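Number of protein chains: 4
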Amino acid sequence: MQTFKTWAKTPPKGWNSWDCYGASVTEDEVRQNAEYMSQHLKDYGYEYVVVDIQWYEPTANSSHYHAYADLEMDEYSRLMPAVNRFPSAKDKQGFKPLGDYIHSLGLKFGIHYMRGIPRQAVYANTAIKGTDKKARDIAKQNSICPWNTDMYGVDTNKPGAKEYYRSLIDQFGEWGVDFLKVDDIADSKLYGGHLDEIAMLREVIDESGYNIVLSLSPGPASLEHGAFLQKHANMWRLTDDYWDNWHQLYDMFARCEKWAPFVQEGTWPDCDMLPLGHIGIRSVDGGGSDRYTRFTKAEQRTMMTLWSLFRSPLFFGGELTDNDEWTLDLLRNEGLREMHANGLHPTQLSRKEDIVIWKTVTETNEWVAVFNLNDEAAEIELDLSHYFDKDGDACTELFTGEPFTGTTTRIEAHDVKVFKL
Amino acid sequence: MQTFKTWAKTPPKGWNSWDCYGASVTEDEVRQNAEYMSQHLKDYGYEYVVVDIQWYEPTANSSHYHAYADLEMDEYSRLMPAVNRFPSAKDKQGFKPLGDYIHSLGLKFGIHYMRGIPRQAVYANTAIKGTDKKARDIAKQNSICPWNTDMYGVDTNKPGAKEYYRSLIDQFGEWGVDFLKVDDIADSKLYGGHLDEIAMLREVIDESGYNIVLSLSPGPASLEHGAFLQKHANMWRLTDDYWDNWHQLYDMFARCEKWAPFVQEGTWPDCDMLPLGHIGIRSVDGGGSDRYTRFTKAEQRTMMTLWSLFRSPLFFGGELTDNDEWTLDLLRNEGLREMHANGLHPTQLSRKEDIVIWKTVTETNEWVAVFNLNDEAAEIELDLSHYFDKDGDACTELFTGEPFTGTTTRIEAHDVKVFKL
Amino acid sequence: MQTFKTWAKTPPKGWNSWDCYGASVTEDEVRQNAEYMSQHLKDYGYEYVVVDIQWYEPTANSSHYHAYADLEMDEYSRLMPAVNRFPSAKDKQGFKPLGDYIHSLGLKFGIHYMRGIPRQAVYANTAIKGTDKKARDIAKQNSICPWNTDMYGVDTNKPGAKEYYRSLIDQFGEWGVDFLKVDDIADSKLYGGHLDEIAMLREVIDESGYNIVLSLSPGPASLEHGAFLQKHANMWRLTDDYWDNWHQLYDMFARCEKWAPFVQEGTWPDCDMLPLGHIGIRSVDGGGSDRYTRFTKAEQRTMMTLWSLFRSPLFFGGELTDNDEWTLDLLRNEGLREMHANGLHPTQLSRKEDIVIWKTVTETNEWVAVFNLNDEAAEIELDLSHYFDKDGDACTELFTGEPFTGTTTRIEAHDVKVFKL
Amino acid sequence: MQTFKTWAKTPPKGWNSWDCYGASVTEDEVRQNAEYMSQHLKDYGYEYVVVDIQWYEPTANSSHYHAYADLEMDEYSRLMPAVNRFPSAKDKQGFKPLGDYIHSLGLKFGIHYMRGIPRQAVYANTAIKGTDKKARDIAKQNSICPWNTDMYGVDTNKPGAKEYYRSLIDQFGEWGVDFLKVDDIADSKLYGGHLDEIAMLREVIDESGYNIVLSLSPGPASLEHGAFLQKHANMWRLTDDYWDNWHQLYDMFARCEKWAPFVQEGTWPDCDMLPLGHIGIRSVDGGGSDRYTRFTKAEQRTMMTLWSLFRSPLFFGGELTDNDEWTLDLLRNEGLREMHANGLHPTQLSRKEDIVIWKTVTETNEWVAVFNLNDEAAEIELDLSHYFDKDGDACTELFTGEPFTGTTTRIEAHDVKVFKL
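Residue numbers (my numbering), protein chains in the order written: chain A, 1 to 421; chain B, 1001 to 1421; chain C, 2001 to 2421; chain D, 3001 to 3421.
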């Protein structure tokens, strides 16, 4: 097994600022979420606190980007935290103080970065650390992100390209970054995947000595690249941005079915953040506004069960400090955590008329989840002996804790029952 | 794990009649290959003797099909062995006598079948066993094979469809069939995959009580269907027909790289038969004629190493009784057999300038194969410590048996070295 | 100009049996429509009476085909009219008597034929006129129609293929066929276009001495084949079957825009039959049943204006004898007929917010049609001087006959106004 | 007919600087070519002198662009001629003096422009003439050219966009520009066509009062856009850049066949410049270097015949002053000029085994061109009476002037014979 896979032996869990704050999260908001996590979720396996896109953009105020905005940048063409949003970054300290603080809480620190080199660096033709090449020498002519104007891609064949990416990783390592979400790279509407830049990131991370988990966005990643992604990243996205719309949750089932063979230790197909709790505070994507998640409780159970059983990374997207008890309990659910941490070979057993059955097995238990994706409740004939390897009637339903012995069960619209043996 | 996966815990090995006899193999030829296998290869894990396509076509004399030919058929729309080619099938005994003979040698018996129901059955509207529906009732209107005129597809939604497929499997089971290669089903140039017919085959085999290994042809199967195929078949093809052309062997590397995550116990991505030894005797496909394989010895090593390390099924395509010592030794090679039977997580580690490095691990050993796909010999810098998990210099090369300690090695064009630790 | 183009100097007009009777029209029904046409429409340019698909299928009773049904066929593998449906075809007279009758009314006779040779001819391996080759010798292995089981394609490279197609055309010529609608040939969901069979049809018709207008179905024909079609056929379809659904009419505008450059003398992009009047009598396609057209009067005006201005062939699909006055008047509309017969360079001038403006010019007039494709009435600012080449305010609206002088006009939902200068 | 079509009633002819000088042509070079044209070609219909791409790039020195180079620009975000290359442009005179000079020779003046607004204008957020909007307000976020870094696209929905394009056309008009070649617009590898920017260009040109012929590059334009292009531009490219390679010339035949229906007065499918004579002087594209055209004389005849018969625009790409007699004669060929200026309905009559026959008709003559695209000479059976409408044996071959009466003719490899009746 490649070493980097040992850095994420189970699928990562944590919090990400995108669903609630878009591109505009502030240091205070990051800290308050870290503190909440430390107190309420750390013991349940959540550990990463991730600052999402455009922490280097002083005027960012939602999830809409300001095209061609001036970005905070150091003399080596590297983006730096906007001090007006991250005061501890003053005096060129970057994210080191914030990283230290998060570590002091017993947590891990993650940040986002866009593939490539800032366009403004190319325009000003600024220096690159560790080489006499400059920004224009390594920019990949006309390799751009379709939805954001911050960067040009990097031409990995050019002298200086590797020095540039190495200089990024070195700085992130010095800051204490444990998790790196790289964007505009897992799939691209314009160019397909950016395999060469992914391979270079793998190389410089492995050579850096820093154990930085590598996460690739956005999807849909292509199955054609599945084996490649497994060898180069810890996680990669299966879809474009996921929000609290039933049709997106519905659609995820077919994707998980196809990607299940790739769920292997250290590399995790990623269903994207959990748009639960209080979201949309300053994020204006996804068709909503400042809100509590539009998912019903049934849908939240369905999502959490699919993500957990399938072993997707789990990053909470809401403002944690606004969580209610019900949401917190869902995150802490013991059965979900066991499937997520220890499940073997998650697989969809069948799908008929939108009754979908998945199964996974842990060392001590077998788990069968029966999802009703229909818009109406369904009375389902269910002979669990078909699905369980072991005999035994001592089967309980996860969310109710009730034993199940019958041959039929009723599942509400968009809801799930999880049978544990 | 689904039960059917236990029927092929390691990738199947055996002989298939296509590469040497096309659609025209005779009973005598099958028997002589079975006898050879029993004497020379059985102890090395080869066990399946497979009669390929059109054993029901009395006039078949090569690999070219006779369009719209009259086929041997029973009263239930099921194709029967052509007695002029398979004399033991007389008196409606079908393949039972041949199956019995192969079993008596300690081997297993396999046959080929085309997806669907004979067009001549549809024209004559003949009966289907176990139902009062007739051939026209279940034929899928205008679902055809693009390269053979024998069959119409079956519409699995029609009453009688399942009875038809069940009647086939029942008969195969009675005949002693252990291995079924279904054709025009893994991929179709006209319609994409035929997932519904695959699912129905899985169902009727599982219900039949016969442990018949299911093999799907031809490819290229789609990665999009990979998870589905894993749940329904024991093996499926990665390419269209494979022959002794270097460019096809070259091309297989990229396919194996992508399919490696799907190599899992009981379900095996299939690189197709081994066109080795004496082939093309009556098969006229693949651009050759009656010949010894056009692959050089280097290319044969390369192919056998890739197939074995990747854990593809291994079906010898040549007339076994004409094997020379060198070929026989290659099939019996102990190291290849160990990787093939016991390898874990075969994976391509790197590919640069057509030097391709694969690795697999068995309980006792690590194996690193270095392929030179270039048309010229290459002097390769090689630090095996990058690839081996364990320390130790006690590394030997598989084909020469020589120890390797250096930092460079020369590999001839199209050749391979396999380092075993 | 190729000679065959002179056979259709203006876009053909007539009646076709499909929309009302599907595959099941009878001789009586054909005759009564021919008689009506002769009395009510002949003077207005309508002249073709076309018997659509499966006149050779004795049991045809709707627009649903009976898969693998036994077809009426002569000893030369040519389909013959089913005598139970076309009594005058008795004694192997084929369509000669019916053709004679239609001609006696001063009209022209058209029939449908499927690309290829009957599958039952291939199964029985019957003779082909003018050659010793037989049906199996020329059938194109596995070239089929996706939606009908009558035929195999013909392999134009095979000896005997041209004799077969020639024998068809000779027979049609003897029967007095003036118009031939060939099916499964303009586009194919399975194989793309069938250009070689189209070219062979052109060749045998030109060599036959019979002036048979050639019409190709179904679409959507590809623009990539547009130039080819212009050189080989008199008309070809732009869509799959067209019915009385607004969304299909709406969609036709974009197709007409793209195909307008191909509207040239003798070769006519074809918007398909007019599903007007009493349709669906035994045809069960198009989502309707026995009915008067579901198009509103506004939509009928819109359709007739687009078809006429664009110079599509005009084939009425309803049972003519059930026409009401309004429908008959629409068919006879003088302005529409002038644009259709004499329009030069029909072109879409603009499309904004689904207000679509087309223009054509005849020797004496300019015509500007303003379509409102929105679901609500629209008040439109309209400066006609932008569109008319000539000065002059003497502009009248076609359907109302009223003069127009203003700068705005109201057009109801799905309706059209045609301004004539 | 739209007015703009009257500005190019016959396909434009002239000279373009790209094939000889890439992006680096100088004023002296333009003037010497204009002078040559005035003396040697003006009387033969050649009239446009076109300065191709990057006349605003001071350091341009070949056909390779300098990524992110600083461009000459005025205060209104409009690119200006680099004075070091075009001295007469000093004192902000732009191309006015050069235009005047070309007009003084009795010729017309053309320039190239890239779709969009300079990236450096967006970075500096400079003004736009006629509006208070600025460059960032109208730049289309992430609409770029795939092969050149000069511009961002313009978002035509944004206030200020039309003012920007109008300000360009006004300036071009003031400079005396008669012909505008807009680039990165007819087709785009990244985004498909840029129909909205094309429509806006049409609008501002029509409103400007300047009769500027509009030419769109590069191709391959899509047939799907053919009708649209006809209504908005005078010419548009059928391919990506065309060079003196036989395979590109060979390939053009299939394209011309498909585009022939679009050859209509005022709008001309464009086969691209003629890479003849002395080319590659500073242009390094197309696989050659400073050279005389690599086309053989036979190939040059073939190309000139196809371009002329098909009525492609004809822009000579070589340094005119280095022309030899043979080349000059080819450009002046009377028959070619007649087909080009007056041909009606050019069409490919047949193509068999790469013998391709095209025909066109002028008021007084019929012309049949027989091309031999094979790599060997061909003896061709030829019954010209099949192709000529009129009777008469008085047929002569264009290039030799010899009468032709036989039934066979020999055509050398890659050569053509043109028969004139």
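Quick reminder that beta carbons are idealized off the backbone N, C-alpha and C, glycines included.
In this text the structure is predicted, and so the values were computed from the model without any measurement.
- DSSP places A/TYR113 in the strand class (E or B) of the three-state scheme.
- Shown here, C/GLY2014 sits in a strand according to DSSP, grouped into three states.
- Bounds of the alpha helix (DSSP H) holding C/TYR2036 are 2027–2040.
- DSSP places B/TYR1048 in the strand class (E or B) of the three-state scheme.
- Scanning A/LYS352, A/GLN348, A/ILE138, A/TYR36 for the CA closest to the CA of A/GLY318 turns up A/TYR36.
- For D/THR3156, same chain residues with a beta-carbon under 7 angstroms away, outside a window of 5 residues either side, are ASP3196, GLU3197, MET3200 in chain order.
- Sorting C/LYS2090, C/TRP2326, C/ALA2139, C/MET2304 by C-alpha distance to the C-alpha of C/GLU2338 places C/MET2304 at the top.
- Of the residues D/TYR3152, D/ASP3137, D/LYS3134, D/GLU3265, the one whose Cα lies closest to the Cα of A/ASN142 is D/TYR3152.
- Look at the segment 2136–2152 of chain C: the residues with a C-beta under 8 angstroms from a C-beta of chain B are ARG2136, ALA2139, GLN2141, ASN2142, ILE2144, CYS2145, PRO2146, TRP2147, ASN2148, THR2149.
- The three-state reading of DSSP puts B/LEU1249 in helix, counting H, G and I together.
- Under the 7 angstroms criterion on CB atoms, A/LYS9 is classed as non-interfacial with respect to chain B.
- Within chain A, the residues LEU223, GLU224, HIS225, GLY226, ALA227, PHE228 have their CB atoms less than 9 angstroms from the CB of B/LYS1258, given in chain order.
- Rounded to the nearest angstrom, the gap between the Cα atoms of C/ILE2138 and C/GLN2171 is 19 angstroms.
- For A/GLU224, the closest C-alpha among the options B/VAL1204, B/ARG1166, B/TRP1259 is that of B/TRP1259.
- Of the candidates A/VAL263, A/ARG291, A/ARG282, A/ASN33, the residue whose Cα lies closest to the Cα of A/TYR46 is A/ASN33.
- The beta carbons of C/TRP2236 and C/ALA2254 sit no closer together than 7 angstroms.
- Per DSSP, the continuous alpha helix (DSSP H) segment holding B/ASN1342 begins and ends at 1334–1342.
- C-alpha of C/GLY2116 to C-alpha of C/GLY2176: approximately 21 angstroms in a straight line.
- Taking a C-beta distance under 7 angstroms as the contact criterion, C/PRO2146 and C/LYS2189 qualify as a contact pair.
- When secondary structure is reduced to three states using DSSP, C/ASP2100 falls in the helix class.
- At a cut-off of 7 angstroms, the C-beta of B/VAL1122 has a neighbouring C-beta in chain C.
- The CB of D/TYR3068 comes closer than 8 angstroms to the CB of VAL122, TYR123, ASN125, ARG136, ALA139 in chain A, given here in chain order.
- A straight line joining the alpha-carbon of D/SER3350 with that of D/ALA3298 spans about 21 angstroms.
- At a cut-off of 7 angstroms between beta carbons, C/PRO2261 contacts chain D.
- In the structure shown, B/TYR1242 falls within a coil segment according to DSSP collapsed to helix, strand and coil.
- Of all C-beta pairs linking the segment 63–78 of chain A to the segment 342–358 of chain A, fewer than three are shorter than 8 angstroms, placing the two stretches out of contact.
- Taking a C-beta distance under 7 angstroms as the contact criterion, A/VAL418 and A/PRO346 do not qualify as a contact pair.
- A straight-line Cα-Cα distance of about 13 angstroms links D/TRP3015 and D/ASP3322.
- Under the 10 Å beta carbon count, C/ARG2410 is surrounded by fewer than 16 other beta carbons and is classified as exposed.
- Under a criterion of Cβ atoms nearer than 7 angstroms, the residues of chain A adjacent to D/LEU3190 are, in order, LEU190.
- Just measuring C-alpha positions, the residue of D/GLY3099, D/ALA3121, D/ILE3053 sitting nearest D/SER3077 is D/ALA3121.
- Separation of B/LEU1320 and B/ILE1102 (C-alpha to C-alpha, rounded to the nearest whole angstrom) is 15 angstroms.
- By the criterion of a C-beta distance shorter than 7 angstroms, C/GLY2106 is surrounded in its chain by SER2038, LYS2042, once the five residues flanking it on both sides are discounted.
- Counted as a single uninterrupted DSSP element, the beta strand (DSSP E) harbouring B/VAL1368 occupies residues 1366–1372.
- The beta carbon of A/ILE357 sits closer than 6 angstroms to the beta carbons of LEU349, SER350, VAL370 from its chain, once the five residues preceding and following it are set aside; these are given in chain order.
- The residues ASP3244, TRP3246, LEU3249, PRO3275, LEU3276, MET3303, in chain order, have a CB closer than 8 angstroms to that of D/PHE3295 in the same chain once the five nearest residues on each side in sequence are set aside.
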